[in-house]
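Engineer: Residue numbers (this note's numbering): 66 to 488. Dropping the structure in here first, questions after.
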């Protein structure tokens with residue numbers, strides 16, 4: 066038995082109207098499902114803007130939005146309007162941001178294996194910083210400098226050796242990682258020495274990232290301590306502590322706010338004598354709780370003595386996180402959002418995989434029926450961006466809602482889209 070879905074897991078503007086139905090941005094969720102179809106990503110624009118403003122207040126105007134969490138043209142324009150830069154990690158993300166009208170000076174280029182083409186794109190577009198991840202990348206930048214004469218401003222990605230308490234697939238700060246130059250092995254110091262003497266790059270600072278979905282802000286405090294020990298003697302102007310702040314997906318989860326995270330980082334830097342501009346790269350903390358995914362229930366299969374399966378019209382193609390990481394989500398019915406949820410169900414998708422699981426243990430009202438709109442909250446990060454066409458399922462539309470208006474910012478795919486690239 067579970068009570069009504071907790072308000073803290075819903076977007077900022079979520080409310081219950083006079084008919085007991087859930088609304089976001091002044092729009093009734095069941096109406097959005099009827100108008101735009103399902104599955105459907107519904108983003109609360111005010112929520113997104115509020116988190117961007119909070120990030121700028123916590124870290125200053127150099128803070129970047131980690132676009133891998135969720136990126137489309139409308140999102141790129143929104144975060145820049147709110148004073149943030151954008152972190153891109155591939156040529157595709159760089160292209161999308163520039164296509165949305167984001168100037169190169171507002172972009173930071175990441176990636177552990179940037180190709181010559183991607184580095185050339187970054188240089189041609191005049192990105193603000195390139196975060197260098199390997200000696201091979203320095204080789205490529207030196208070759209491009211010899212050809213173009215351009216000297217890009219760079220940060221070196223440093224691996225601080227901090228074990229963040231998160232899933233091993235999204236832990237990145239430990240020594241055994243594909244990312245960065247490790248402090249403990251001496252590679253970080255060697256990378257700094259090479260970058261300082263190179264005429265091909267201008268070393269502006271250092272960067273780190275310890276992992277994603279990190280709840281313990283103490284991990285960031287330890288990271289600051291190590292990064293300060295390494296970076297303060299260098300006297301460089303920039304220090305980025307990356308992103309990774311966790312968010313609450315389940316009712317038992319407790320997560321820090323962006324403001325609290327910033328206070329821990331800034332206090333640690335001040336205590337360690339850091340004079341560089343300290344910045345960060347929140348992504349999940351900006352986008353995750355801003356969105357709800359709407360599905361239509363197609364099949365309810367009761368297995369007496371075992372469980373009840375509820376199959377919806379999406380699945381691992383629009384939210385692969387439960388399959389990849391065992392991630393948990395809550396469920397509710399928008400038509401009766403304030404009701405007790407007395408029935409335990411397992412929400413599964415429509416893909417030909419036994420592992421196509423969306424919610425291992427969800428709770429819904431006892432009168433759940435075929436045709437109902439079922440919602441999963443906190444799906445604004447790593448759903449749309451990690452989505453696929455597995456089984457040739459069409460990728461969902463994305464709408465932004467605000468002041469009673471819904472704007473489709475990404476159209477639903479069509480069957481014709483599935484064969485558009487074929488020759």
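Where is the CB? At the ideal position from N, CA and C, for every residue including glycine. Source: prediction; values computed, not measured.
Does any CB atom of chain D fall closer than 8 Å to the CB of residue 371?
Structural biologist: The question asks about chain D, but that chain is absent: this structure has only one protein chain.
Engineer: To which residues of the same chain is residue 486 closer than 8 Å at the C-beta, ignoring the five residues directly before and after it?
Structural biologist: Answer for residue 486: no residue qualifies.
Engineer: Restricting to Cα atoms, I'd like to know which of 302, 371, 271 is closest to residue 342.
Structural biologist: 302
Engineer: Could you give the distance in angstroms between the alpha-carbon of residue 419 and the alpha-carbon of residue 222?
Structural biologist: 39 Å
Engineer: So residue 242 and residue 270 are supposed to be a Cβ contact under 8 Å. How far apart are they, rounded?
Structural biologist: In fact, because the Cβ distance is near 20 Å, the residues do not count as touching under 8 Å.
Engineer: Any idea what DSSP makes of residue 95, helix, strand or coil?
Structural biologist: helix
Engineer: Where residue 230 and residue 310 are concerned, what is the direct C-alpha to C-alpha distance, given to the nearest angstrom?
Structural biologist: Reliability fails at residue 230, whose pLDDT of 48 lies under 50, so the model's placement of it is uncertain and no value is given.
Engineer: Can residue 396 and residue 412 be called in contact, C-beta distance under 8 Å?
Structural biologist: Contact: yes.
Engineer: On the CB-based measure, 16 or more other CB atoms within 10 Å of its CB, does residue 466 come out buried or exposed?
Structural biologist: buried
Engineer: Could you check which residue in 295, 186, 218, 441 has the C-alpha nearest to that of residue 422?
Structural biologist: When each option's Cα is compared against that of residue 422, the closest is 441.
Engineer: Can you tell me which residues form a DSSP beta bridge with residue 467?
Structural biologist: 470
Engineer: By the three-class DSSP mapping on this structure, what secondary structure does residue 143 have?
Structural biologist: helix
Engineer: When we look at the beta-carbon of residue 415 and count the other beta-carbons within 10 Å, is it buried (16 or more) or exposed?
Structural biologist: Counting of Cβ neighbours within 10 angstroms places residue 415 among the buried residues, the total reaching 16 or more.
Engineer: Assuming residue 305 is part of the beta strand (DSSP E), what are its boundary residues?
Structural biologist: 303 to 305
Engineer: Helix, strand or coil for residue 447? Go by DSSP, reduced to three states.
Structural biologist: coil
Engineer: State the CB to CB distance for the pair residue 143 and residue 113, rounded to an integer number of angstroms; the pair is presumed to be in contact (CB under 8 Å).
Structural biologist: 6 Å
Engineer: Taking the continuous beta strand (DSSP E) assigned at residue 344, which residues delimit it?
Structural biologist: 342 to 344
Engineer: How about residue 484 and residue 473: are their beta carbons less than 8 Å apart?
Structural biologist: no
Engineer: In this structure, how does DSSP classify residue 190 when only helix, strand and coil are distinguished?
Structural biologist: coil
Engineer: If you follow the beta strand (DSSP E) that residue 172 is part of, which residue opens it and which one closes it?
Structural biologist: Element bounds for residue 172: 172 to 174.
Engineer: Can you round the beta-carbon distance between residue 106 and residue 430 to whole angstroms, since I take them to be within the 8 Å contact cut?
Structural biologist: Not quite, the Cβ-Cβ distance comes to about 23 Å (not below 8 Å), so this is no contact.
Engineer: Would you say residue 362 and residue 439 are within 8 Å of each other, going by their C-beta atoms?
Structural biologist: Their beta carbons are under 8 Å apart, which means residue 362 touches residue 439 by this criterion.
Engineer: Please determine if the stretch 364 to 375 and the stretch 314 to 324 are in contact, where contact requires at least 3 C-beta pairs separated by less than 8 Å.
Structural biologist: With a cut-off of 8 Å, the stretch 314 to 324 and the stretch 364 to 375 do not count as touching, because too few Cβ pairs lie within range.
Engineer: Determine the extent of the beta strand (DSSP E) in which residue 339 is found, giving its start and end residues.
Structural biologist: First-last for residue 339: undefined, no H or E at that position.
Engineer: Going by CA-CA distance only, name the one from 120, 345, 215, 351 that's closest to residue 275.
Structural biologist: Of the listed residues, the one whose Cα sits closest to residue 275 is 345.
Engineer: Pull up the distance between the alpha-carbon of residue 235 and that of residue 277, whole angstroms please.
Structural biologist: Reliability of the predicted coordinates at residue 235 is poor, the pLDDT of 37 falling under 50, and the value obtained from them is presented with this limitation in mind. Those two C-alpha atoms are separated by around 5 Å.
Engineer: For residue 408, does the three-state DSSP call read helix, strand or coil?
Structural biologist: strand
Engineer: Would you call residue 104 buried or exposed, if buried means 16 or more other Cβ atoms sit within 10 Å of its Cβ?
Structural biologist: buried
Engineer: Going by CA-CA distance only, name the one from 189, 191, 198, 164 that's closest to residue 177.
Structural biologist: 198
Engineer: Suppose the cutoff is 8 Å on Cβ atoms and the five residues either side in sequence are ignored; what does the same chain contact list for residue 417 look like?
Structural biologist: 456
Engineer: Using the beta-carbon count (16 or more within 10 Å), is residue 325 buried or exposed?
Structural biologist: Under this definition residue 325 is an exposed residue.
Engineer: Whole angstroms is fine: what's the gap from residue 80's alpha carbon to residue 347's?
Structural biologist: Their backbone Cα atoms lie some 26 Å apart in a straight line.
Engineer: On the CB-based measure, 16 or more other CB atoms within 10 Å of its CB, does residue 308 come out buried or exposed?
Structural biologist: buried
Engineer: Taking residue 373 as the reference, which of 331, 350, 427 has the closest Cα?
Structural biologist: 427
Engineer: Under a three-way DSSP split, which group does residue 206 fall into?
Structural biologist: helix
Engineer: Just reading off the beta strand (DSSP E) that residue 288 is part of, what are its end residues?
Structural biologist: Not the beta strand (DSSP E): residue 288 falls in the alpha helix (DSSP H), residues 282 to 296.
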